[in-house]
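So the sequence shown is numbered by numbering that gives the first Met the number 0: it starts at 0 and just counts up by one.
Think of the CB as a built atom: it goes at the ideal place given N, C-alpha and C, for glycine as much as any other residue.
Worksheet: the structure to be examined is printed underneath.
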Amino acid sequence: MFPSVFSFAKIKIMKNPILILILLVSTNVWAQYDEQEYEADYEELLSELSTTEAPVSEFEDPFSEVKIHFGVAFVNSVFSLKTPDGGSLQASQSGFQANLGIDLLSENWIAEGVIRSYNQTEYKEGTLSANEFDLRVLYVNPFSATWKMHFGTGIGARTLKIDWENSANKTYQSPTSIFLIGINTYITNSVSLGAEIAARTPMTDETPDDTAMEMSLRLDGHF
Numbered sequence: 000m001f002p003s004v005f006s007f008a009k010i011k012i013m014k015n016p017i018l019i020l021i022l023l024v025s026t027n028v029w030a031q032y033d034e035q036e037y038e039a040d041y042e043e044l045l046s047e048l049s050t051t052e053a054p055v056s057e058f059e060d061p062f063s064e065v066k067i068h069f070g071v072a073f074v075n076s077v078f079s080l081k082t083p084d085g086g087s088l089q090a091s092q093s094g095f096q097a098n099l100g101i102d103l104l105s106e107n108w109i110a111e112g113v114i115r116s117y118n119q120t121e122y123k124e125g126t127l128s129a130n131e132f133d134l135r136v137l138y139v140n141p142f143s144a145t146w147k148m149h150f151g152t153g154i155g156a157r158t159l160k161i162d163w164e165n166s167a168n169k170t171y172q173s174p175t176s177i178f179l180i181g182i183n184t185y186i187t188n189s190v191s192l193g194a195e196i197a198a199r200t201p202m203t204d205e206t207p208d209d210t211a212m213e214m215s216l217r218l219d220g221h222f
């Protein structure tokens with residue numbers, strides 16, 4: 000029974016050209032639709048793959064912005080001395096300074112080493128000469144594009160040589176504490192001129208000098 004039904008349907012379809020045309024057109028349309036849908040899915044997949052990339056971790060070197068600072072300065076120091084006869088001498092010494100510093104991972108904080116050498120100065124009580132070495136930490140506060148103020152503290156080592164007129168020559172070595180304030184103006188991005196005032200206090204009573212007030216005019220390079 001079933002073969003006769005299928006044979007009858009096949010005969011009907013073969014004898015009807017309109018039905019055959021409809022079947023052919025519908026088959027072609029479905030094939031084109033499937034192909035377009037496949038191409039759209041493929042293009043969408045490629046677009047997603049191209050836009051979805053693995054995140055690249057950007058490593059920033061913390062030392063890339065660190066600057067080195069070096070400079071020279073003219074220094075003048077004023078302090079009082081106890082003389083061997085129990086008197087007091089108001090002394091003033093001038094000299095030169097060399098300094099080298101580096102940023103402490105911030106442009107606002109600087110660690111600095113300073114060497115000072117003072118000229119020999121003669122008084123009627125005797126002849127003075129001194130050398131100093133300091134380690135300091137500075138905080139730099141810019142208040143305009145070309146002007147910066149700095150504050151700092153540190154410790155130092157001071158060697159004071161005195162050739163007393165009517166007494167034995169003495170060499171005094173003492174640790175000192177330092178507090179300072181200064182201001183700089185930048186001539187260029189790498190060169191600055193500045194002025195600084197510092198108070199230097201001996202940390203021992205074994206030296207005849209008292210607290211010294213130091214004033215310096217600085218020329219610094221920043222690279």
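When DSSP states are grouped into helix, strand and coil, E43 belongs to the helix group. Note that the C-beta distance between I67 and H221 is below 9 Å.
In chain order, S87, Q89, D209 place their CB closer than 6 Å to the CB of S79, counting only its own chain and leaving out the 5 sequence neighbours on each side.
Contact between the region 162-169 and the region 188-202 is absent: fewer than 3 CB-CB pairs across the two stretches fall below 8 Å. Restricted to the region 152-222, the beta strand (DSSP E) segments that are unbroken, complete and at least 3 residues in length are 169-185, 190-201, 211-221, listed in chain order. Three or more pairs of CB atoms, one per stretch, sit closer than 8 Å, so the region 142-161 contacts the region 110-127. Distance from the CA of G125 to the CA of K169, rounded to the nearest whole angstrom, comes to 11 Å. E213 sits buried, since 16 or more C-beta atoms from the chains shown fall within 10 Å of its C-beta. The alpha-carbon of L103 is positioned some 19 Å away from that of N183. Short of 8 Å from the beta carbon of V136, and not among the five residues preceding or following it, lie these beta carbons of its own chain, in chain order: L103, W108, I109, A110, E111, G151, T152, G153. In terms of CA proximity to L127, S93 leads the group N140, V65, S93. Here E121 is not near A156, since their CB atoms are 9 Å or more apart. F142 has no beta-bridge partner at all, per DSSP. Shown here for Y171: same chain residues with a beta carbon closer than 6 Å to its own, the five before and five after excluded, namely L159, T206 in chain order. The secondary-structure analysis by DSSP pairs D102 across a beta bridge with I109. Where G70 is concerned, the enclosing beta strand (DSSP E) starts and stops at 67-81.
Looking at the backbone, the Cα of F73 and that of S215 are separated by about 5 Å.
Look at K147 here: in three-state DSSP terms it is strand.
Counting other Cβ atoms within 10 Å of its Cβ, L179 reaches 16 or more and is therefore classed as buried. For N130, the beta-bridge partners assigned by DSSP are S116, T158. For E124, the three-state secondary structure derived from DSSP is coil. In the assembly as shown, I186 is an exposed residue. Its beta-carbon has fewer than 16 other beta-carbons within 10 Å.
Note on G85: under 16 other CB atoms within 10 angstroms of its CB, so exposed under the neighbour-count rule.
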